[in-house]
Amino acid sequence: MASPLSTFHLFPNLPAELQARIWKEAAYDEKRMVKLSIRGDALLVTDAPVPKLFLVNKDVYNILKIFYTRFLNGQLFPTYSPAQQGPLFSFEYDIFLIDWDYWDIALIIHDGMWWFSPQFL
Numbered sequence: 287m288a289s290p291l292s293t294f295h296l297f298p299n300l301p302a303e304l305q306a307r308i309w310k311e312a313a314y315d316e317k318r319m320v321k322l323s324i325r326g327d328a329l330l331v332t333d334a335p336v337p338k339l340f341l342v343n344k345d346v347y348n349i350l351k352i353f354y355t356r357f358l359n360g361q362l363f364p365t366y367s368p369a370q371q372g373p374l375f376s377f378e379y380d381i382f383l384i385d386w387d388y389w390d391i392a393l394i395i396h397d398g399m400w401w402f403s404p405q406f407l
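If you want the numbering used here, it's the 1-based position in the sequence shown plus 286.
Structure below.
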């Protein structure tokens, strides 16, 4: 019985548009969790790990970076101001976990849907 392939050696020979489509689908499947916290009147990013696919190579980084935004000091609200520095996240690809210090539940946002869940706390 043949072992499963772990490398697709012909990938670099695929058209650039098809490669980009494959990387975008892979980014969607990563399901990276970004943790947000409410502090006073502000909504802040408290944890946003680097997207794993950004570490593959420069081509993948350049394809995917247009879907990600940086926010100065991780503050999303009340001032929505994209910046050159700060945590990266994507409204399209990431899962957002909003934690309230005074409640025992979290609001999870992904794929245009939202729900409350105690399981991530």
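Glycine included, C-beta positions come from ideal geometry on N, C-alpha and C.
Residues near residue i in its chain [Cβ-Cβ closer than 7 Å; skip 5 each side]
| i | result |
| --- | --- |
| K317 | I381 |
| W309 | L339, V346, I349, L350 |
| A306 | I349 |
| A312 | L339 |
| L341 | none |
Contact set for residue i: own chain, Cβ-Cβ below 6 Å, skip 5 residues either direction
| i | result |
| --- | --- |
| G360 | L330, V331, G372, P373 |
| Y314 | Y379 |
Short Cβ contact (8 Å threshold) for residue i with residue j
| i | j | result |
| --- | --- | --- |
| L320 | F357 | For the record, residue 320 in the displayed sequence is Val; it is not Leu. Contact flag unset, no. |
8 Å contact criterion, which residue i and residue j should meet: CB distance rounded
| i | j | result |
| --- | --- | --- |
| D385 | S292 | About 37 Å; that fails the 8 Å criterion. |
Note to self: Within 8 Å, do at least three Cβ pairs link the segment 368-384 to the segment 334-346?
What the structure shows: yes
Margin query: Check whether the segment 343-355 and the segment 319-334 are in contact - that is, three or more C-beta pairs closer than 8 Å.
Written below: Counting Cβ pairs under 8 Å, fewer than three are found: no touch.
Next item on the list: Write down every uninterrupted run of the alpha helix (DSSP H) in the segment 313-381 whose length is 4 residues or greater and which is fully enclosed by it, in chain order.
Entry: 344-350
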